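Heads up: the protein sequence lines correspond to chains A and B, in order.
For the first sequence, position 111 matches number 111 in my numbering, and the numbering has no gaps at all.
For the second sequence, position 55 matches number 407 in my numbering, and the numbering has no gaps at all.
Heads up: the structure comes next, in structure tokens.
Number of protein chains: 2
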Amino acid sequence: MNKTKRITIYDLAKELGISGSYVSRALNDHPTTSEKMREMVKQKAKELNYKHNTSAANLRQGNSKIIGIIVPKINETFFANVIAGIEEICSKYKYHIIICQSEENLKKEKEAIDTLIKQNVDCIMISLSQETKTNAHLLDILANKIHLIQFDRVDESVESYIIKNDNKIAAFNGVEHLIKMGYERIAHIGGPVYLNIYADRKQGYREALLKAKHTLFDDEIDNIALSRTDAKTIALKLLSKQDRPDAFFTSSDQAALGVIQAAKELNISIPKDLGVLGFQDEEFSSFISPNLSSINQQSKQIGISAANLFFKTILKNKVKTTESSTEIINCELMIRESSYRKIAKKFTKTPE
Amino acid sequence: MNKTKRITIYDLAKELGISGSYVSRALNDHPTTSEKMREMVKQKAKELNYKHNTSAANLRQGNSKIIGIIVPKINETFFANVIAGIEEICSKYKYHIIICQSEENLKKEKEAIDTLIKQNVDCIMISLSQETKTNAHLLDILANKIHLIQFDRVDESVESYIIKNDNKIAAFNGVEHLIKMGYERIAHIGGPVYLNIYADRKQGYREALLKAKHTLFDDEIDNIALSRTDAKTIALKLLSKQDRPDAFFTSSDQAALGVIQAAKELNISIPKDLGVLGFQDEEFSSFISPNLSSINQQSKQIGISAANLFFKTILKNKVKTTESSTEIINCELMIRESSYRKIAKKFTKTPE
DNA sequence: ACAATTTATGAAATCGATTTCAAAATATTA
DNA sequence: TAATATTTTGAAATCGATTTCATAAATTGT
């Protein structure tokens with residue numbers, strides 16, 4: 001496309017018979033300009049359909065009013081909601097977001113960081129990929145004096161702001177709810193424990209069982225599954241055993257759905273003979289039959305908090321204090337049909 | 353944060369005892385540089401952790417290698433998938449995406465376009481907000497010599513590339529399927545008809561009925577509902593009438609879900625006494641009970657096609673030909689429980 | 001009315017990569 | 001070997017907004 005010359009401040013200046021520097025100041029409401037002139041300049045700018053050239057300003061000022069976001073997958077409910085939250089706040093402050101997907105891949109994550117640095121972004125908000133076990137690339141962000149906010153899946157060893165759910169407590173409360181409903185042999189299907197979120201959820205599960213003096217179910221084996229099909233396979237196996245679990249706490253709603261499907265196949269009644277509690281509170285959870293109890297992560301709120309942290313705390317702090325702190329977003333336990341039974345099935349207690 | 357001076361090509365140049373211009377060329381593999389020197393320069397760049405300054409290059413070259421995307425809502429499945437598709441292709445070409453939400457709001461859409469122009473984006477991909485009935489802001493994109501690709505919700509009157517589903521045909525096929533299943537009084541719950549997609553779906557519905565010589569059900573009234581609750585209200589009303597519909601074709605899966613819930617409340621059996629066909633094929637549609645038949649829009653493919661259109665067609669065409677064409681992405685009819693009954697309930701035919 | 005102060009305005013430098021054009025170095029040919 | 005062609009290399013201009021600093025204009029005080 002043959003670019004016709006863009007209108008610049010100098011074009012405005014020439015038209016108005018003043019200097020480019022004055023135009024720049026007028027457009028920015030600089031105190032050394034009069035109200036009358038500002039009006040005049042802005043009027044002319046509108047008239048000629050002048051568009052501020054962000055690249056030029058960036059180059060001069062060294063910042064871009066852009067926040068870079070890196071997530072494993074844009075179109076996963078959780079991340080899509082976080083991003084929506086960030087965008088909502090950013091647009092208020094006239095900031096923009098550039099989004100990158102790591103696709104759970106460390107190499108892509110590194111590339112994303114690299115290009116965001118090149119773009120002069122003012123801040124990078126990241127949720128780590130499943131493959132990320134090193135942190136050199138995160139340190140590179142700091143080395144380039146770019147603010148860093150990690151959310152959800154984070155590396156605590158890197159000095160940065162952190163926003164995450166109270167995964168352990170949420171899991172603890174969820175499992176305690178299952179216990180109150182009279183479930184006794186509660187199994188867990190989790191995610192890879194080298195990710196903080198899954199480790200925390202598992203830990204919350206364990207602590208709830210320990211507190212209730214329940215035995216840990218099948219503790220020797222880590223049941224790892226986040227997808228529906230994988231979880232279904234595991235559930236089918238466990239539910240066919242002699243000492244089968246009477247409840248499942250999973251680290252995703254997809255996995256919980258797999259459990260429900262397995263139970264249906266085996267004609268096990270939910271919630272009477274099997275309790276199911278998911279994590280994430282996907283949209284479908286309140287629709288499916290039986291409704292799935294789950295733990296809502298307030299995903300959009302995570303995005304809003306991250307953005308507010310940037311605008312209200314980081315940008316305000318001219319003086320560089322410690323660039324780290326952790327903000328916890330509380331999860332909400334959504335009790336629905338799949339885990340709610342009024343009367344405990346029977347009153348037997350596993351020997352302690 | 354007190355920015356320490358960034359490493360520039362001149363720093364590399366000084367270290368190597370050569371000029372900045374040579375460094376620039378070497379980094380870009382310009383033919384006037386030797387392989388040996390390129391190696392040397394790149395080596396030093398790595399050593400000093402040099403980061404290319406995109407703003408500076410943008411300013412000089414007048415393009416940004418950024419594609420701007422404007423959608424009503426980032427975290428709606430359809431749009432999230434489209435964006436994921438675009439990002440996937442862009443990252444291959446080392447392009448980036450800036451995402452804006454219009455939130456179904458014309459004013460925000462205009463603002464988004466304005467800032468994307470200011471950012472020097474190379475292309476804008478947009479799906480229009482519900483409020484958008486004017487096109488001056490779209491023309492502004494063209495006036496600024498920025499390539500324009502509209503997808504899904506488009507304004508055909510603006511000269512641009514267009515990518516959309518075969519909404520009319522998909523609706524036609526879907527309704528024809530309902531007719532084949534023996535449903536006779538098929539109602540439609542659609543979206544606002546000033547949006548092309550909803551007008552097209554309604555038209556497909558009408559044509560299928562006309563072809564089958566069915567009477568249009570309740571044609572005088574436009575049933576507009578995209579959300580679950582609104583659709584449920586409408587469905588409850590219609591299903592309580594004497595001459596109630598025996599099938600619903602809705603323009604969203606959410607609405608279809610509302611219909612299912614209404615049917616459950618009224619103890620109407622699906623699919624025996626009521627057929628339901630949605631549109632969009634949301635993730636939950638294959639989970640809920642009964643499984644919801646729907647029309648899959650290949651949303652990610654729309655994004656992939658849009659991005660490929662940009663890279664393979666638009667960028668290649670140095671010579672500006674007509675900057676418009678329409679690409680159709682075929683929908684896929686997903687027949688599931690909610691519309692599938694082997695034997696038609698009874699063999700009566702509405703008088704013609 | 002004149003000096004002192006304040007306010008309004010513009011010239012020029014700057015940010016960092018790209019690119020043009022000319023000069024220097026090298027290779028090729030007669 | 002001298003003349004010509006080719007390849008390397010760098011100086012300087014450029015993109016457009018911002019910002020510093022100096023100067024011009026207006027205002028104030030005496």
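The C-beta atom is built at its ideal place from N, Cα and C for all residues, glycine as well.
All of these numbers come straight from a predicted model, not from anything done at the bench.
Under 8 Å Cβ-Cβ, which residues of chain B neighbour residue i?
i: A:Lys272; result: Ordered by position in chain B, no residue passes the 8 Å Cβ test against A:Lys272, which lies about 17 Å from the chain.
i: A:Ala84; result: Lys425, Ile426, Asn427 and Gln453
i: A:Gln280; result: Going along chain B, no residue has its Cβ under 8 Å from A:Gln280, so there is no contact; the nearest lies around 12 Å.
i: A:Glu87; result: Ile426, Ile451, Cys452 and Gln453
Between which two residues does the alpha helix (DSSP H) carrying residue i extend?
i: B:Lys554; result: Asn548 to Lys563
i: B:Gln632; result: Premise fails: B:Gln632 is in no alpha helix (DSSP H) and is neither H nor E.
i: A:Gln301; result: Ser299 to Asn308
i: B:Met392; result: Glu387 to Glu399
i: A:Gly85; result: Thr77 to Lys92
i: A:Thr250; result: Counting along the chain, A:Thr250 falls outside any alpha helix (DSSP H), though it belongs to the beta strand (DSSP E) covering Ala247 to Thr250.
i: A:Ser294; result: No alpha helix (DSSP H) holds A:Ser294; the beta strand (DSSP E) holding it covers Ser294 to Asn296.
i: A:Ile66; result: No alpha helix (DSSP H) contains A:Ile66, which is instead part of the beta strand (DSSP E) from Ile66 to Val71.
i: B:Ile426; result: No alpha helix (DSSP H) contains B:Ile426, which DSSP labels as neither H nor E.
Take residue i as the anchor and find which of the options has the nearest alpha-carbon.
i: A:His214; options: A:Lys46, A:Val193, A:Arg153 and A:Val175; result: A:Val175
i: A:Gln61; options: A:Asn291, A:Asp122, A:Lys5 and A:Lys51; result: A:Asp122
i: A:Lys65; options: A:His137, A:His147, A:Ser129 and A:Glu104; result: A:His147
i: B:Arg688; options: B:Gly630, B:Leu667 and B:Thr678; result: B:Gly630
i: A:Arg244; options: A:Asp230, A:Val259 and A:Ser251; result: A:Val259
i: B:Glu387; options: B:Lys398, B:Asp552 and B:Tyr374; result: B:Tyr374
i: B:Leu685; options: B:Glu679, B:Gln632 and B:Thr678; result: B:Gln632
i: B:Ile656; options: B:Lys444, B:Ile451 and B:Cys452; result: B:Lys444
i: A:Gly204; options: A:Ile169, A:Asn308, A:Glu156 and A:Ala143; result: A:Ile169
i: A:Ile302; options: A:Glu327, A:Thr233, A:Leu315 and A:Pro290; result: A:Glu327
i: A:Lys272; options: A:Leu292, A:Tyr340, A:Ser240 and A:Cys331; result: A:Tyr340
Residues of chain A with a CB under 8 Å from the CB of residue i: which are they?
i: B:Ser705; result: No answer is possible for residue 705 of chain B: the residues shown for chain B start at 353 and end at 704.
i: B:Glu617; result: Result: empty, since nearest Cβ-Cβ is about 14 Å, beyond 8 Å.
Report the CB separation of residue i from residue j in whole angstroms; it is logged as a contact under 8 Å.
i: B:Ala757; j: B:Met477; result: Here chain B comprises residues numbered 353 to 704, so residue 757 of chain B is not present and cannot be evaluated.
i: B:Val423; j: B:Ser651; result: Not confirmed; about 11 Å, so no contact.
i: B:Glu483; j: B:Asn457; result: 6 Å
i: B:Ala608; j: B:Val628; result: 5 Å
i: A:Phe172; j: A:Glu207; result: 6 Å
i: B:Asn415; j: B:Asn472; result: 6 Å
i: B:Ile359; j: B:Leu400; result: 5 Å
i: B:Ser637; j: B:Asp598; result: With 8 Å as the limit, B:Ser637 and B:Asp598 do not qualify as a contact, their Cβ atoms being about 21 Å apart.
i: B:Ser512; j: B:Ser676; result: 6 Å
i: B:Asp504; j: B:Lys516; result: 6 Å
i: A:Pro290; j: A:Ser338; result: 5 Å
i: A:Asn223; j: A:Arg201; result: Not a contact, Cβ separation roughly 12 Å.
Mind pulling the chain A residues with CB within less than 7 Å of residue i?
i: B:Asn380; result: Going along chain A, no residue has its Cβ under 7 Å from B:Asn380, so there is no contact; the nearest lies around 14 Å.
i: B:Asn410; result: Ser55
For a contact meaning CB atoms closer than 7 Å, what does residue i contact in chain B?
i: A:Ala80; result: Ile426, Asn427 and Ala432
i: A:Thr115; result: His448
i: A:Asn144; result: Lys403
If I follow the unbroken beta strand (DSSP E) through residue i, where does it start and stop?
i: B:Ile640; result: Unbroken run through B:Ile640: none, as it is neither H nor E.
i: B:Lys516; result: Tyr513 to Asn517
i: A:Thr326; result: Ser325 to Ile329
i: A:Gln150; result: His147 to Phe151
i: A:Gln101; result: His96 to Gln101
i: A:Leu266; result: Premise fails: A:Leu266 is in no beta strand (DSSP E) and is neither H nor E.
i: A:Glu184; result: Here A:Glu184 belongs to no beta strand (DSSP E), and DSSP marks it neither H nor E.
i: B:Glu684; result: Glu684 to Met686
i: A:Val382; result: Nothing about residue 382 of chain A can be read from this structure; chain A reaches only from 1 to 352.
i: B:Ile478; result: Cys475 to Ile478
Tell me which residues of the segment 634 to 653 of chain B have at least one Cβ-Cβ distance to chain A shorter than 7 Å, keeping chain order. From the segment 634 to 653 of chain B, only Glu635, Phe636, Phe639, Ile640 and Ser641 have a Cβ closer than 7 Å to chain A.
What residues from the segment 382 to 408 of chain B come within 9 Å of chain A, judged by C-beta to C-beta, listed N to C? Residues Asn401, Lys403, His404, Asn405, Thr406, Ser407 and Ala408.
Check each residue of the segment 519 to 536 of chain B: if its Cβ is closer than 8 Å to any Cβ of chain A, include it; give the result in chain order. The segment 519 to 536 of chain B vs chain A, Cβ under 8 Å: nothing.
Taking Cβ-Cβ distances below 8 Å as the criterion, which residues of the segment 118 to 135 of chain A are in contact with chain B? Here the close residues are Lys118, Gln119 and Asn120.
For the segment 245 to 265 of chain A, which residues have a CB atom closer than 7 Å to at least one CB atom of chain B, in sequence order? Residues passing the 7 Å Cβ filter: Leu257.
Between the segment 194 to 224 of chain A and chain B, which residues of the former have a C-beta closer than 7 Å to a C-beta of the latter? For the segment 194 to 224 of chain A, the set of positions with a beta-carbon nearer than 7 Å to some beta-carbon of chain B is empty.
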